[in-house]
Structures are given as structure tokens and as C-alpha cells.
Amino acid sequence: MTAHPFDAPASQALLERALAVTPGGVNSPVRAFRAVGGTPRFMASGTGPYLTDVDGREYVDLVCSWGPMILGHGHPAVVEAVSAAVSQGFSFGTPSENEVALGEEIVARVEPVGQVRLVSSGTEATMSAIRLARGYTGRSLIVKFAGCYHGHVDSLLAQAGSGVATFALPDSAGVPKEMAAETIVLPFNDLAAVEEAFAARGSEIAAIITEASPGNMGVVPPAPGFTEGLRRITAAHGALLISDEVMTGFRCSAAGWYGLEGPYAAGAPDLFTFGKVMGGGFPAAAFGGRADVMALLAPVGPVYQAGTLSGNPVATAAGRATLQQCTPELYARLDEVADAITGALDTELGRAGVPHTIQRAGSMFSVFFRDGAVGNYDQARDQHVPAFAAFFHSMLSQGVYLPPSAFESWFVSGAHDDAAVDRIVSALPAAASAAAESFATIDS
């Protein structure tokens with residue numbers, strides 16, 4: 147395997163062009179490589195488990211477009227479905243059969259979801275679910291958890307993890323204090339804090355929103371009984387529970403995180419949000435849940451929500467084709483690949499003497515460069531971030547593309563065959579050594 151040089155002249159040239167027309171040269175902050183340094187790689191193509199950048203360098207992809215590419219890049223069934231849809235038209239601004247079919251796929255897979263409304267992004271899905279919860283309860287306060295990211299909705303950009311954690315910004319400029327005041331931020335996995343908040347202001351709280359299994363501060367699964375406790379507390383106070391499965395939905399299992407952890411004795415979440423996998427790489431997302439709650443949406447009820455491209459026929463064709471390929475065999479392969487990578491990662495970091503913790507949610511995983519389990523945002527931030535940057539660049543130079551942030555999940559696909567896994571595993575010893583050298587600078 148030929149080592150890739152640190153410099154990437156074609157990507158650098160594109161970055162310089164981009165900087166003239168786009169803030170930071172990127173259209174989503176984490177892509178800028180600010181957390182790891184160096185030139186962000188501009189990709190030219192993707193095939194199966196591989197990406198090729200504009201400098202002609204090939205990488206095994208462990209980002210998978212931040213989750214959607216569960217089948218790998220350019221899966222034939224998805225390409226065929228998209229080609230057929232495109233030949234019939236790009237967008238109609240009317241209902242179409244594809245959106246009905248995708249809705250049926252989602253409802254069939256997640257038992258508590260009685261109805262869904264399609265939108266174009268995860269941010270739209272969470273924003274709309276929050277509005278619906280407020281409309282249903284007549285209350286305004288929302289509870290979220292530090293480190294959980296629910297899109298760039300004003301009221302939810304408080305201690306939001308992911309890109310915000312990468313840049314060490316606890317909140318975002320441009321969010322009015324009045325909006326932030328409508329959000330109560332609590333530590334994740336702390337039911338006592340939730341009980342206390344509801345004891346104080348339960349009659350004002352419309353909903354709790356939580357990542358079903360957080361992946362935006364690294365992978366931090368809920369502790370046993372935590373989700374069950376949220377359901378019990380919200381039900382007791384007449385509030386709704388919103389489970390954000392934009393990341394975990396249809397990736398952790400056919401029914402997402404709910405399929406792994408549910409059903410719950412206290413009952414299912416009232417609303418769910420979905421994205422990523424259900425769009426197959428196209429802009430598509432959804433929110434759904436109890437039929438009586440969903441019935442408040444216009445045109446049936448008084449809660450307004452709309453979108454010109456919602457249910458786009460091409461995006462829904464891609465999403466439906468993707469979900470139809472998400473079989474038990476696919477999920478078994480994802481787990482097998484994740485087992486192989488995390489096992490080798492643990493071995494090599496241990497051999498190099500690097501403090502680390504690897505955590506998983508289904509086939510999603512991440513490594514924290516610290517000792518001890520991570521159960522909340524403060525613990526996630528208590529790691530040696532420079533070690534990740536050293537590890538990242540070593541892997542990149544060996545042709546493995548990781549998320550360019552210590553606070554993100556790693557993703558695999560059904561296209562990651564044994565050859566791709568071997569390339570990842572063979573890159574780990576040098577990367578572990580690079581991380582160890584970073585830790586050594588602390589002690590010197």
C-alpha cells in the first residue's frame with residue numbers, strides 16, 4: 147500500500163477556490179479539518195467501501211457520508227432505482243407513489259410509528275417534531291441532554307456536541323437568549339437530574355428530546371434503564387418523549403436503536419425522527435410516531451409544517467431501495483466488520499500503551515483517548531484530543547479516511563469486504579504509535 151503524502155495539491159487548490167465563495171471553504175463545519183489540521187480532502191468519487199479524492203488517492207471510507215451509505219457507494223440497486231426515478235422527472239410539487247412507498251417501509255419497520263411526515267433533512271425533522279410536541283401539549287419548554295446534537299435548530303444548539311464540541315463552542319452565536327431559555331440542558335444518563343427538572347417545572351415541559359443512542363459526542367449509549375426512565379417520567383407529567391434516530395435509525399438494526407433496546411415496559415417514545423440511511427445518500431428525512439399526535443399536523447390539524455422538496459421522488463426512490471437492501475444478512479455483516487475493526491483497534495492501542503475506550507451502538511463505534519467508560523458529555527470531552535489528530539493523520543496517510551473529529555461516530559457498510567477490513571487493520575499499528583507519541587509529549 148503506497149503511503150499518501152501529507153500535502154494534497156489538488157484538494158488545496160479547490161479549498162482556495164472554495165474559501166473565496168464559502169465561509170471556511172466548506173458547507174458543513176467539521177469537513178474543514180480544523181480539529182485535526184491539514185488540508186481537507188475533496189472527494190471525486192466513491193465506489194463500494196472506497197473514496198477517491200481529486201488528487202487521485204484512494205481511501206477506505208469509515209465516514210460513509212456520516213452514516214447514510216450503509217450499502218456502500220454506488221450500490222447497483224440504488225443506482226437502478228434512482229435512474230428509473232430520474233427518467234420520470236426530478237420533482238413534481240405534488241404527491242407521488244414513491245413517498246407513499248417509503249413511508250410504508252418506515253412504518254412497517256418501527257412498530258410504535260403509526261404515521262410519518264417526510265422532510266428533507268434531520269434538522270427539519272427535529273424542528274418539526276419539537277413544534278408538534280409543543281402544539282400537542284400546549285407547553286413551551288424542551289429538555290435536551292448535553293452532547294446530544296439534533297440539527298442546527300436555534301433552541302437545540304445548547305451544548306450540542308459534534309461540530310460544536312469540535313470547535314469548543316458551548317452555544318452558537320445568533321441564537322437569541324429567549325430561544326435558549328426555552329431549553330433545559332441536563333447531563334446525559336442522569337435520571338436524577340431529569341426527575342429534579344420535572345419536579346420543578348414539569349407542568350411547563352412539552353417534551354424531552356434525546357438521541358436514541360448518542361453519536362455526536364462520540365458513541366455514548368444510554369445506560370441500562372435510562373430510556374425507560376425517560377418514558378416513565380414524561381408519561382407521569384404529560385410530556386412527550388422524542389427519540390432522535392436520525393443517526394441510529396435503520397443502521398443499528400432494521401428498527402434502529404429501538405429495535406435493539408425496545409420495547410420498553412413503560413411504553414414507546416411518542417415521536418421519532420429519522421434521516422441518513424432512509425435517504426440512501428439523498429436529502430431525505432422524516433418524523434413520525436403516535437397517530438393521534440401526528441393528527442395535529444396540517445392539513446388535518448393546526449400545527450403547520452411544509453416543504454417544497456419534501457417527499458422528492460428521486461430521494462424517496464433512493465431511500466426505499468436502500469431500506470429494501472437492509473436485510474438481516476446485511477446487519478450481521480456490519481456487526482462482523484465492526485467487531486473486526488474494533489478488536490484490532492483495541493489490540494493495537496493497548497500494545498502501544500495508549501489510554502483508550504472504545505464504545506459501540508450496534509455497528510456504530512468510536513474511540514475515546516482516555517481511560518474509563520464514557521457516559522456523558524463532560525467525560526467525552528475529558529480525552530487527549532491531540533492524540534486523535536495524530537492517529538487520524540497516520541490513518542489518512544495510509545489510505546483510511548476517518549471522521550476528522552474526535553467527537554464523531556465511525557461507520558461501516560455492507561461493501562466493506564475482507565480486503566477493505568485488512569487495509570484498515572494493517573494501518574492501525576503505525577497510527578497507534580503516532581497516538582502514543584502524542585501522549586508522550588504530555589509526560590515530557
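The sequence shown begins at 147 in this note's numbering and counts up by one.
Beta carbons: idealized from backbone N, C-alpha and C, even for Gly.
- C-alpha of Leu455 to C-alpha of Ala326: approximately 29 Å in a straight line.
- For the pair Arg569 and Ala254, the Cα-to-Cα distance works out to about 37 Å.
- With a minimum length of 3 residues, the unbroken runs of beta strand (DSSP E) contained wholly in the segment 225 to 310 fall at 261 to 265, 287 to 291.
- In this structure, DSSP gives Gln505 an extended state, which the three-state scheme calls strand.
- Beyond the five residues adjoining it in sequence on each side, Gly348 comes within less than 6 Å, by CB distance, of His383 in the same chain, given in chain order.
- In this structure, the beta-carbon distance from Ser579 to Ala486 does not fall below 8 Å.
- Annotation: Ala561 to Gly395 spans about 19 Å, alpha carbon to alpha carbon.
- Within the DSSP secondary-structure output, Met325 pairs in no beta bridge.
- In this structure, the alpha-carbon of Ala437 lies about 12 Å from that of Gly447.
- Listed in chain order, the alpha helix (DSSP H) elements of length 4 or more contained wholly in the segment 353 to 425 are 372 to 383, 402 to 407.
- A straight-line Cα-Cα distance of about 6 Å links Ala464 and Ala227.
- By alpha-carbon distance to Arg280, the top candidate from Asn335, Ser389, Ile351, Pro222 is Ile351.
- For Thr283 and Thr373, the gap between their C-alpha atoms comes out near 21 Å.
- Closest by C-alpha distance to Val366, out of Arg203, Gly405, Gly518, Arg180, is Gly518.
- The beta carbons of Pro186 and Ser157 sit about 7 Å from each other, so the pair counts as a contact at 8 Å.
- Between the segment 494 to 512 and the segment 397 to 406, the count of Cβ pairs shorter than 8 Å is three or higher; the stretches touch.
- Sequence-distant partners of Gln544 (beyond 5 residues in either direction) whose C-beta falls short of 7 Å from its own C-beta, in its chain, are Met147, Ala149, Ala573, Ala576.
- In the DSSP assignment, Val176 falls outside any beta strand (DSSP E), carrying neither H nor E.
- Between Arg285 and Leu443 the beta-carbon gap is near 18 Å, outside 8 Å, which marks them as no contact.
- About 4 Å separates the beta carbon of Lys422 from that of Gly213, a gap short enough to meet the 8 Å contact definition.
- Rounded to the nearest whole angstrom, the CA to CA distance from Gly184 to Asp153 is 8 Å.
- Taken atom to atom, the span from the alpha-carbon of Leu161 to that of Gly405 is near 41 Å.
- Secondary structure of Ile216 (DSSP, three-state): coil.
- Closest by C-alpha distance to Val439, out of Arg516, Ala190, Tyr547, Pro258, is Pro258.
- Taking a C-beta distance under 8 Å as the contact criterion, Phe179 and Pro550 qualify as a contact pair.
- Residue pairing by DSSP leaves Phe534 without any beta bridge partner.
- Contact between the segment 214 to 222 and the segment 462 to 478 is present, with at least three C-beta pairs closer than 8 Å.
- For the pair Gly293 and Met273, the CB atoms are not nearer than the 8 Å cut-off.
- Per DSSP, Phe514 is one residue of the beta strand (DSSP E) stretching across 510 to 514.
- In this structure, Ala343 and Ala381 do not form a Cβ contact; the two beta carbons are roughly 15 Å apart against a cut-off of 8 Å.
- Within the same chain, and ignoring the five residues on either side of Phe557 in sequence, the residues whose Cβ sits closer than 6 Å to its Cβ are Cys210, Gly213.
- Pairing Met393 with Gly375, the inter-Cα distance amounts to about 22 Å.
- Note that the C-beta distance between Ala461 and Ala430 is below 8 Å.
- Secondary structure of Glu204 (DSSP, three-state): strand.
- Burial is judged here by how many other beta carbons sit within 10 angstroms of a residue's own beta carbon; Glu494 has at least 16 and is buried.
- Nearest to Ala346 by alpha-carbon distance, out of Leu287, Phe291, Thr356, is Leu287.
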